[in-house]
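Numbering (this note's numbering), first residue to last: 202 to 435.
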Ligand SMILES: *Cc1c(COP(=O)(O)O)cnc(C)c1O
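Right, dumping it as structure tokens:
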């Protein structure tokens, strides 16, 4: 099942769009099945769970006596990250998609300096009309870009956002349009003298129910969970 869905999704996607398989709340066996179908990037939203899965993989490698088993798997962190949990996430995640405050960005930069590791991040933008969602405003994103020289252990790869939870396609489209505009403005600022080396190309938007719209609106990375792995049991 998982295999068929991954294969179908991968064959549908334009070459410019990456698939992140959101495996939160699903067991490691589900990840292995997706991996066997060729999936390499997995999204997790809770530090404890990401760490448990990383450890599980290490155990399996030891059991199989194969240190290279699934060695090209990539973990993306997509959930709210508290600054006291950085050490559970930053050593393992190749991309932190959910940087939703300047305070978190600074904490990540400090961790990077202390551990001599440059961290790849996306700036999570608030684009929906759901009060509960997190994220930076357009202005905050631009302020971060203007001061990005301060973040010497951070590589800003782009932006991430979540549309309003609704069936109304017009609203979803408008939310994604907002994220695309933030991305465009951000990249203009960079070409006018922001930090070199930060192309900020990625636009992570689109989930199981709205990824078609997101791709139309310029997504470069979709985060699909329940469509691949089934409903989550919380
Ligand atoms: C859970 C989650 C997803 C995946 O959602 P589905 O509707 O299951 O595809 C994508 N992005 C984020 C940030 C999530 O927390």
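Each residue gets a CB set at the ideal place from its N, CA and C atoms; glycine is no exception. In this text, all values refer to a predicted model and were calculated from it rather than measured experimentally.
The stretch 349-362 makes contact with the stretch 398-411, as at least three CB pairs between them are under 8 Å. The bridge partners DSSP lists for residue 357 are 322. In chain order, the residues that have a beta carbon nearer than 5 Å to some heavy atom of ligand 1 are 223, 246, 279, 408, 409, 424, 425, 426 and 427.
Under DSSP, residue 219 forms a beta bridge with 422. Per the Cβ contact rule, the stretch 422-430 is in contact with the stretch 223-231 (3 or more Cβ pairs under 8 Å).
Annotation for residue 295: the continuous beta strand (DSSP E) segment containing it runs 294-300. With distances taken between CA atoms, residue 337 lies nearest to 363 out of 350, 363 and 351. In the DSSP annotation of this structure, the continuous segment of the beta strand (DSSP E) that includes residue 244 starts and ends at 242-245. Cβ-Cβ separation between residue 241 and residue 273: approximately 6 Å, consistent with a contact (criterion under 8 Å).
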